[in-house]
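I have placed the structure first, in the form of structure tokens, so that the comments after it can refer back to it.
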Amino acid sequence: MIIAIDGPAAAGKGTLARRIAQSLGLPYLDTGLLYRAVGRRVLDAGGNPADPIMATKAAEDLQEEDLDRSDLRGGPADKAASQVASIPGVRAALLAFQRQFGSRNGAVLDGRDIGTIIFPHADIKFFVTASLEARTIRRHAELLARGETVPLDVVRADLAARDDADAKRIAAPLKPARDAVMFDTSWLDADAAFVEAMALIDKRLNPGPRQGDLPA
Ligand code: CDP
Numbered sequence: 015m016i017i018a019i020d021g022p023a024a025a026g027k028g029t030l031a032r033r034i035a036q037s038l039g040l041p042y043l044d045t046g047l048l049y050r051a052v053g054r055r056v057l058d059a060g061g062n063p064a065d066p067i068m069a070t071k072a073a074e075d076l077q078e079e080d081l082d083r084s085d086l087r088g089g090p091a092d093k094a095a096s097q098v099a100s101i102p103g104v105r106a107a108l109l110a111f112q113r114q115f116g117s118r119n120g121a122v123l124d125g126r127d128i129g130t131i132i133f134p135h136a137d138i139k140f141f142v143t144a145s146l147e148a149r150t151i152r153r154h155a156e157l158l159a160r161g162e163t164v165p166l167d168v169v170r171a172d173l174a175a176r177d178d179a180d181a182k183r184i185a186a187p188l189k190p191a192r193d194a195v196m197f198d199t200s201w202l203d204a205d206a207a208f209v210e211a212m213a214l215i216d217k218r219l220n221p222g223p224r225q226g227d228l229p230a
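First residue of the sequence shown: 15, per the working numbering; consecutive thereafter.
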């Protein structure tokens, strides 16, 4: 089974995806980490993450251990991830890894193009959103918990800029798949979002008798 969870930054995709995966006994892949690790490799080499040749090479050379690095989040890493993610060569280099990951034992994957490009035939697709204000407050709290004090205005502007770049790029732009369930978490905490998502999954997997079905 493949469950695709897409949506803008800090909408709660990761927390939700991790909990769904755990509850269904499926592997989980945070695909944002792939783009983050590619961006990090380019920054480490003193390069510009917007350089297609360097970024594509970094994506082709990516190792699984790169995903375990502790410096994949925070201002420069966020921006670098978004920059490399707009490069078609980078996306092409990361596509096979994502498909293989899901094809082994099924998976829950979160990202921007899981339901549109990576697994267009996923069993269930969620497009998780939340208002910019709700996402700003969440990301601000996450940063604080990691000891980073970034003003709310800066967090808000960074999220808005990244969402805008993700939605407007030509390669795999951020958009809901036509058959995605739209899921707004603005007013839901992590527990409530999980309960509601599991109810939707249950309904999708066990639709019950349809009108017109004959009794057994
Ligand atoms: O955690 P957050 O929502 O802030 O970001 P993320 O999911 O880790 O993704 C970081 C960046 O990688 C995004 O801004 C996208 O530009 C890019 N990304 C992508 O293009 N496609 C994906 N499947 C996942 C992430």
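Where is the CB? At the ideal position from N, CA and C, for every residue including glycine. The structure presented is a predicted model; accordingly, all values stated were derived computationally and were not measured.
- In this structure, Leu123 sits near Ile16, with a CB-CB distance shorter than 9 Å.
- By alpha-carbon distance to Thr70, the top candidate from Arg87, Ala95, Leu81, Leu86 is Ala95.
- When secondary structure is reduced to three states using DSSP, Ala59 falls in the coil class, being assigned neither helix nor strand.
- For a cut-off of 8 Å, the C-beta gap from Asp167 to Gly89 is around 14 Å, too long to register as a contact.
- Checking the DSSP bridge columns, you'll see Tyr49 has no partner listed.
- Annotation for Thr45 indicates a beta carbon within 8 Å of some heavy atom of the ligand CDP.
- Rounded to whole angstroms, Leu109 and Ile132 show a C-alpha spacing of 7 Å.
- Assigned with DSSP and collapsed to three states, Gly129 falls in helix.
- Leu30 sits away from Val104, with the two beta carbons spaced by 9 Å or more.
- Contact check for Phe140 against Gly129 passes: the beta carbons are separated by less than 9 Å.
- Not one heavy atom of the ligand CDP falls within 8 Å of the beta-carbon of Asp80.
- DSSP lists Leu123, Lys139 as the bridge partner or partners of Ala18.
- Annotated as proximal: Phe197 and Ala207, with beta-carbon spacing under 9 Å.
- DSSP places Leu166 inside the alpha helix (DSSP H), whose first and last residues are 166-182.
- The DSSP-derived three-state label of Leu188 is coil.
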